[in-house]
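Inspection log for the structure reproduced underneath, given as structure tokens.
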Amino acid sequence: AALDAIVSAIGPIRETNWGGVWEVRSGLAQDGVSTVDVANSAKHLPLHTDNPYREPVPGYQFLFCLEASEEGGESITADGIAVAEHLRRHFPEAFNVLSQVEVAFEYKDDAVQLRRWAP
137 AALDAIVSAI GPIRETNWGG VWEVRSGLAQ DGVSTVDVAN SAKHLPLHTD NPYREPVPGY
197 QFLFCLEASE EGGESITADG IAVAEHLRRH FPEAFNVLSQ VEVAFEYKDD AVQLRRWAP
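Quick note on our numbering: the sequence shown kicks off at 137 and runs consecutively.
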């Protein structure tokens, strides 16, 4: 409830197929059933974009940890705007491909299939 209040003060909480607020637990899906989704595993996650298959794409996601594993769990971030600007200046053809060629982003499980085309 406290998290809902804090986040709602910043902007509306969007409902997804998982709900508005949900738990990510290593090895378990929201309903307690084992899942193959890497977000619910202890595996390393490389740099990535969450939910590019949604329309609109989430502006912010708030994650917090209640119990850390004994090792690992480091967070990494990248400034996508700075990377895009670097490409635009130094590799304009690559920037044009990334900013103009549409590709499919997709999420699919037993309950839902989400797809969005975007550069």
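We treat Cβ as the ideally placed atom computed from N, Cα and C, and that holds for glycine. As the structure is a prediction and not an experimental result, all values here were calculated from the model.
Validate contact between the segment 236-253 and the segment 179-197 using beta carbons, cut 8 Å, 3 pairs: yes
Secondary structure of K231, DSSP reduced to three states: Lys is not the amino acid found at residue 231; the sequence shown has Phe there. F231 falls in the helix class under three-state DSSP.
At least three beta-carbon pairs within less than 8 Å, the segment 201-213 to the segment 142-152: no
Residues that W253 bridges to, as DSSP identifies them: A240
Cβ-based neighbour list, A247, same chain, cut-off 6 Å, excluding 5 preceding and 5 following: none
Inter-residue spacing [alpha-carbon to alpha-carbon] between V184 and E238: First, the amino acid is wrong: residue 184 is His here, not Val. Rounded to the nearest angstrom, the two C-alpha atoms are 18 Å apart.
Unbroken alpha helix (DSSP H) run spanning S144, endpoints: 138-146
V143 versus L199: straight-line alpha-carbon distance, rounded: 11 Å
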